[in-house]
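The next block holds one structure in the form of structure tokens; read it before the comments.
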Amino acid sequence: MDFDISGARIFFRIPTGIPILGDILISETLVVTWIVMALITGLCIWLTRDLKVEKVSKKQAVAEWLVELAENFVRNNTGGTRFDKLIPFVAALFATSVISNLISLVGLRSPTADLSTEAAWAVVVFIMITYQKINAGGLLGYMKGFTEPIAVMTPFNILSELATPVSMACRHFGNILSGVVINGLIYAALAAGSAALLGLLPGAVGDFLSKIPILDVGLPAILSVYFDWFSGVMQAFIFSMLTVMYIANAAEG
Amino acid sequence: MENQALVTIIPWTFIAQILNLFIQMYLVKRFLFKPIKEILAKRQAMSDEQLDIARASRAEADALKEQYENSMANAKAEANEIITAATKTAEQKSDEIIGDANRKAAAAKVKAEAEIAQERKKAVNELKNEIGGMAIDLAGKVIEREISEDDHRKLIEEFIENVGEAS
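Taken in sequence, the protein lines are chains A and B.
Using my numbering, read the first sequence as starting at 1 and increasing by one per residue.
Using my numbering, read the second sequence as starting at 1001 and increasing by one per residue.
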């Protein structure tokens, strides 16, 4: 029995001939991301269908609750309404992250199990943080910030600045990938276990039944409560939270 | 089918994911935040309107109440005035009536007294004349001679005067 974990499958390869950037790969990551986006957008459209001012439906109540949740999340973590422009961004980030993490439950490969995704998000957040810092202290103030408290610290300060997006991306990616790896291991181990167990049966019956990984039913579902549900929601929450807090801190200078 | 490496960053996927994030942001904004914000604003406007209406009707009610209270107070004052006026008129009338009666009674008394005095005077005069006549007759008879009647009369009148004063 062999077991291996590989990256996302590549469906098409569009050669571009551009150095460094390389070929465009229409991979599982991108396709599932589009599915996730379609799901989120469809959900938004469905939730906000025939909105009423009075006597709201449960659906509308949920939609309003979601909007208020996003607003409160950003406002409580930035302490005011200064970053209201950030609300749709954070909401989109959280929604994409959460649905991407949980979509592995239906057997699709999470786009977040590809470092490209998290790296993209983290770089966007890093640019926002840097923009806020420059906005708050000016370009010179931003540059000068690296030499504090003493000039010798400059390399370390630059490192720590770069560590922010790297750590954000790697934390999220690592958690989701670990879920994928552990789930794969558990499935493989239980399949091997059930094959060994049912292989004890004599004759053709044993040969046939040992091919059915009967132990894979049940136990992985319980484990996925942690590795998929908890970890998935938690990482999306942490990523959004860090985004808001880093940007708010950056604006304070 | 080929697979990409487990831990790698594919440049085009990276770029696509950045674009996807912003597209998703626009979609969420357009299809969730915008309609919900609109409906919330509408609801806010409606409740504000309701509040305004409630406030206006309350003010109206207050104005009506004040007006009512004012007119009640006016009515009370008017009633008091009327009562006072009526009392005054009645007092005046009764005073007038009593005064009238008093005056009439006094006039009647005065008239009666005058009549009494006149009667008395008349009686006295009659008596005087009678007594005078009698006295003259008597004296004439006593003396049997005629003295000047004028002298007699003078004497008698003096006498009667004395009698009148004494009576």
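Note that beta-carbon positions come from the ideal geometry of N, C-alpha and C, so glycine has one too.
This one's a predicted model, so the numbers in the text were calculated from it and none came from an experiment.
Considering only the alpha carbon of each residue, which of the options lies closest to residue i?
i           : options                                          : result
Ile-87(A)   : Asn-249(A), Leu-185(A) and Ser-240(A)            : Ser-240(A)
Lys-1029(B) : Phe-89(A), Leu-30(A), Asn-77(A) and Cys-170(A)   : Phe-89(A)
Ile-10(A)   : Gly-203(A), Val-31(A) and Phe-146(A)             : Val-31(A)
Ser-104(A)  : Lys-211(A), Leu-47(A), Ala-221(A) and Val-124(A) : Ala-221(A)
Gly-271(A)  : Val-124(A), Ala-95(A) and Ala-113(A)             : Absent from the structure is residue 271(A), since the part of chain A shown begins at 1 and ends at 253.
Ala-95(A)   : Gly-145(A), Leu-185(A) and Leu-69(A)             : Leu-69(A)
Ala-251(A)  : Arg-82(A), Leu-47(A) and Phe-146(A)              : Arg-82(A)
Leu-162(A)  : Ala-61(A), Ala-122(A) and Asp-228(A)             : Ala-122(A)
Ala-1016(B) : Ala-63(A), Leu-159(A) and Leu-115(A)             : Leu-115(A)
Ala-63(A)   : Arg-75(A), Ile-40(A), Gly-80(A) and Val-74(A)    : Ile-40(A)
Val-1178(B) : Trp-65(A), Leu-197(A), Pro-111(A) and Phe-227(A) : For chain B, the structure presents residues 1001 to 1167; residue 1178(B) sits outside this window and is missing.
Val-166(A)  : Ile-1009(B), Asn-1162(B) and Glu-1002(B)         : Ile-1009(B)
Ile-1160(B) : Val-1124(B), Gly-1140(B) and Leu-1138(B)         : Val-1124(B)
What's the call for residue i, buried or exposed, on a 16-neighbour Cβ count within 10 Å?
i           : result
Val-225(A)  : exposed
Pro-1035(B) : buried
Arg-109(A)  : buried
Asn-101(A)  : buried
Glu-118(A)  : buried
Glu-1158(B) : exposed
Gln-1118(B) : exposed
Asn-1129(B) : exposed
Pro-19(A)   : exposed
Ile-14(A)   : exposed
Ala-1075(B) : exposed
Ala-91(A)   : buried
Asp-955(B)  : Past the edges of chain B, shown from 1001 to 1167, lies residue 955(B), and the structure says nothing about it.
Phe-208(A)  : exposed
Tyr-1068(B) : exposed
Val-74(A)   : buried
Gln-1050(B) : exposed
Thr-48(A)   : buried
Met-1134(B) : exposed
Phe-3(A)    : exposed
Gln-60(A)   : buried
Asp-228(A)  : buried
Thr-33(A)   : buried
Gln-1092(B) : exposed
Do residue i and residue j have their C-beta atoms closer together than 8 Å?
i           : j           : result
Ile-1018(B) : Ala-195(A)  : no
Ile-1136(B) : His-1152(B) : yes
Thr-243(A)  : Val-125(A)  : yes
Met-37(A)   : Asn-1003(B) : no
Arg-1043(B) : Val-67(A)   : no
Trp-1012(B) : Ile-24(A)   : yes
Ile-5(A)    : Gly-137(A)  : no
Leu-51(A)   : Ile-1039(B) : yes
Gly-206(A)  : Leu-200(A)  : yes
Ile-158(A)  : Phe-146(A)  : yes
Leu-190(A)  : Leu-219(A)  : yes
Would you say the beta carbon of residue i comes nearer than 7 Å to a heavy atom of the ligand HEM?
i          : result
Ser-194(A) : Among the components modelled here there is no ligand, and therefore nothing to report on the ligand HEM.
ask   = Going along the chain, which unbroken runs of the alpha helix (DSSP H) with 4 or more residues stay wholly within the stretch 120-206 of chain A?
value = If we require 4 residues or more, the alpha helix (DSSP H) runs fully inside the stretch 120-206 of chain A come out as 154-198.
ask   = Fully enclosed by the stretch 1003-1075 of chain B, which alpha helix (DSSP H) runs are 4 residues long or longer?
value = Runs found: 1011-1028.
request  = Take every Cβ of the stretch 165-176 of chain A, pair it with every Cβ of the stretch 221-239 of chain A, and state whether three or more of those distances are shorter than 8 Å.
outcome  = Cβ pair count under 8 Å is three or more, so yes.
ask   = Pairing CB atoms from the stretch 236-252 of chain A with CB atoms from the stretch 117-132 of chain A, are three or more of them under 8 Å?
value = Yes: the two stretches touch, three or more of their Cβ pairs being nearer than 8 Å.
task = Could I get the ranges of all uninterrupted alpha helix (DSSP H) runs contained in the stretch 77-109 of chain A, with 4 residues as the minimum, in chain order?
result = Listed in chain order, they are 87-102.
message = Please give me, in chain order, every unbroken run of the beta strand (DSSP E) with length at least 3 that falls completely inside the stretch 23-57 of chain A.
response = Counting only runs of 3+ residues, the beta strand (DSSP E) found wholly inside the stretch 23-57 of chain A occupies 24-27, in chain order.
task = Count the CB pairs spanning the stretch 20-35 of chain A and the stretch 208-219 of chain A that are closer than 8 Å, and state whether there are at least three.
result = No contact exists between the stretch 20-35 of chain A and the stretch 208-219 of chain A.
message = Suppose only complete runs of 4+ residues qualify. What are the alpha helix (DSSP H) ranges in the stretch 216-241 of chain A, listed by chain order?
response = If we require 4 residues or more, the alpha helix (DSSP H) runs fully inside the stretch 216-241 of chain A come out as 219-224.
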